[in-house]
Amino acid sequence: MDQCVFCDIVAGKIPATILYQDDRAIAFKDIHPQAPTHALVIPREHVPSVAELRGKHQYLAAHLIFVAHEVAKREGLAAVEKGYRVVINYGREGGQEVPHVHLHVMGGRPLNGIMG
Ligand code: AMP
Ligand code: ZN
10 MDQCVFCDIV
20 AGKIPATILY
30 QDDRAIAFKD
40 IHPQAPTHAL
50 VIPREHVPSV
60 AELRGKHQYL
70 AAHLIFVAHE
80 VAKREGLAAV
90 EKGYRVVINY
100 GREGGQEVPH
110 VHLHVMGGRP
120 LNGIMG
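Going left to right, the sequence shown walks through residues 10 to 125 as the numbering used here numbers them.
Set out below in structure tokens:
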């Protein structure tokens, strides 16, 4: 995939603070954090959006959620009295800006309202 910033992070072409990685996914710190912990979980493979998490990619959706909780554990957010939020943006009105599917994992402060 040409000109995909998240593919470039997967390839190590641009720097990121990696929080987790395995054979299918990586997680790294969002460059513009909206909370004390703000990580992005992405598949290594270029899958454009949640709309393509089907067919051969269907089970990737479950793995990305698993990774989100692993990241939350590592960030000390996995206890119920702490907690975190997972957000997937899609489409223009949903606010997806990077066309490589990603889960936002946010926490470390109380998150109130729809998006906190
Ligand atoms: P979205 O609006 O859901 O597409 O979110 C894209 C997210 O990617 C935003 O929160 C950006 O701050 C974040 N982002 C964009 N470029 C980078 C980068 N090079 N490293 C880390 N996070 C990034
Ligand atoms: Zn990509």
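Where is the CB? At the ideal position from N, CA and C, for every residue including glycine. Given the structure is predicted, the values throughout are model-derived calculations rather than measurements.
Per DSSP, the unbroken beta strand (DSSP E) holding R94 starts and ends at 93-96. For A48, there is no enclosing alpha helix (DSSP H); the enclosing beta strand (DSSP E) covers residues 46-52. With a beta-carbon spacing of about 19 angstroms, L73 and P42 fall beyond the 8 angstroms limit used to define contacts. Exclusion of the five residues before and after D17 leaves I23 as the residues of its chain whose Cβ lies within less than 6 angstroms of its Cβ. Here the distance from the Cβ of H111 to the nearest heavy atom of ligand 2 is not below 7 angstroms. Closer than 7 angstroms to some heavy atom of ligand 2: that does not describe the Cβ of H47.
Looking at R94, V110, A48, the one whose alpha-carbon comes closest to that of N121 is R94. Excluding residues up to 5 positions away in sequence, G116, G117, R118 lie with their Cβ nearer than 8 angstroms to the Cβ of P45 in the same chain.
Between the beta-carbon of H113 and that of D31 there is about 19 angstroms, and that puts the pair past the 8 angstroms contact cut. Of the residues assessed, V89 falls on the exposed side of the cut-off, its CB having fewer than 16 other CB atoms within 10 angstroms. Taking the CA atoms as reference points, A20 sits about 12 angstroms from I27.
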